[in-house]
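Residue numbers (this note's numbering), protein chains in the order written: chain B, 519 to 639; chain G, 519 to 639.
2 protein chains.
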Amino acid sequence: MESTMLKIKQLLVDLYGCRADLDDDELLQRVLEEAAEKAGSTVVNRLVHRFHPVGVSVFLILAETHISIQTWPEHDYAAVDIFVCGEGNDPSAAWEVIRERLEPESHEIKEITRSIGERRA
Amino acid sequence: MESTMLKIKQLLVDLYGCRADLDDDELLQRVLEEAAEKAGSTVVNRLVHRFHPVGVSVFLILAETHISIQTWPEHDYAAVDIFVCGEGNDPSAAWEVIRERLEPESHEIKEITRSIGERRA
């Protein structure tokens, strides 16, 4: 029987000292939608949640995976997760859009490789 | 000025050969809700998306972070992301619930440490 493992690159990014307004949920959704588009991904669903007094979570479900952001505006900090798969999809392109729009002073990227599919003994 | 960095453990888990029905969105939501509870987290919002012909994504937004699952039932494969923070929260407890309920033949855990908050130069 044929193995169907697919290696997928997932980016976990911590953004520090962002100049953008991390409490602006509409801005964050726009940025993520643009990032998904640049990555070559199709958005099939989304969830935007506002915390009180501050903080936003945005999840975009893509054709097979997701992009998310969660913000702590009181620290100018955001946690981004870019998990895209599929022919021609490019998580780095999504990250470039987010970096340009949120303007972090510094950031830390962790690049994780995941094996999706069937693992046979 | 005081630094407010918080080290958070994030678990990325690939589940192979699951015995549970990975196309059952209600089951998956129940499992994640139970996992969040066991981790000591509070669910503040959720998004469940069904793919056609098969596949489910469930995102739970927690008081500060999230738990998610995305499934490929055709491969008995699921990708789980457990990102919980806060006093007394335990991502391992969430993972134990998911492992027991979805019964993977094998799995691979990646444990990532993220630094949340303000980074000063």
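All residues carry an ideal CB built from backbone N, CA and C; glycine is no exception. Remember, predicted model here, so these are calculated numbers, not experimental data.
Through-space distance from residue j to residue i, alpha-carbon basis
i                 : j                 : result
Leu524 of chain B : Glu614 of chain B : 24 Å
Ile627 of chain G : Asp532 of chain G : 7 Å
Asn563 of chain B : Val602 of chain G : 23 Å
Gly635 of chain G : His625 of chain G : 31 Å
Ala554 of chain B : Asp594 of chain G : 27 Å
Ile630 of chain B : Thr589 of chain G : 18 Å
Arg557 of chain B : His567 of chain B : A small fix is needed here, since residue 557 of chain B is Ala in this sequence, not Arg. Distance between the alpha carbons of Ala557 of chain B and His567 of chain B is about 23 Å.
Thr522 of chain G : Thr522 of chain B : 44 Å
Val576 of chain B : Leu550 of chain G : 19 Å
Asp608 of chain B : Asn607 of chain G : 33 Å
Glu552 of chain B : Ala611 of chain B : 10 Å
Ala596 of chain G : Asp542 of chain B : 32 Å
His584 of chain G : Arg548 of chain B : 21 Å
Arg582 of chain B : Ile600 of chain B : It should be noted that the sequence gives Glu, not Arg, for residue 582 of chain B. Cα to Cα, Glu582 of chain B sits roughly 12 Å from Ile600 of chain B.
Cβ separation of residue i and residue j, assumed to be a contact under 8 Å, to the nearest whole Å
i                 : j                 : result
Leu529 of chain B : Ser559 of chain B : Their Cβ separation, rounded to whole angstroms, is 13 Å, which puts Leu529 of chain B and Ser559 of chain B out of contact at 8 Å.
Arg632 of chain G : Ile526 of chain G : 5 Å
Gly535 of chain B : Glu592 of chain B : Actually they do not touch by this definition, with Cβ atoms about 13 Å apart.
Ile587 of chain G : Leu546 of chain G : 6 Å
Ala538 of chain G : Glu621 of chain G : 6 Å
Val561 of chain B : Leu578 of chain B : 5 Å
Val540 of chain B : Leu565 of chain G : Going by the sequence as given, residue 540 of chain B is Leu instead of Val. That belief does not hold up - the Cβ atoms of Leu540 of chain B and Leu565 of chain G are roughly 21 Å apart, past 8 Å.
Proximity test, residue i beta-carbon vs the ligand MN heavy atom, cut-off 7 Å
i                 : result
Ile600 of chain B : The model depicted lacks the ligand MN and carries no ligand whatsoever.
Taking 8 Å as the cut-off, does the region 617–637 of chain B touch the region 567–586 of chain G (at least 3 CB pairs, one atom from each stretch)?
Proximity of the region 567–586 of chain G to the region 617–637 of chain B falls short of the contact definition, fewer than three beta-carbon pairs being nearer than 8 Å.
Problem - Every unbroken beta strand (DSSP E) inside the region 542–628 of chain G [3 residues or more] - result: Scanning the region 542–628 of chain G from its first residue to its last, the whole beta strand (DSSP E) runs of 3-plus residues come out as 561–568, 574–580, 584–590, 595–601.
- Task: Give the residues from the region 547–575 of chain B that approach chain G closer than 7 Å (Cβ to any Cβ), ordered along the chain.
- Result: The region 547–575 of chain B vs chain G, Cβ under 7 Å: Val562, Asn563, Leu565, His567, Ser575.
Identify each residue in the region 599–625 of chain B for which the Cβ-Cβ distance to at least one residue of chain G is less than 8 Å, and report them in chain order.
-> Residues of the region 599–625 of chain B whose Cβ lies closer than 8 Å to any Cβ of chain G, in chain order: Asp599, Phe601, Glu623, Ser624.
**Report entry** Residues within the region 625–636 of chain G neighbouring chain B, beta-carbon criterion of under 8 Å
**Finding:** Those would be Glu626, Lys628, Ile630, Arg632, Ser633, Ile634, Gly635, Glu636, in chain order.
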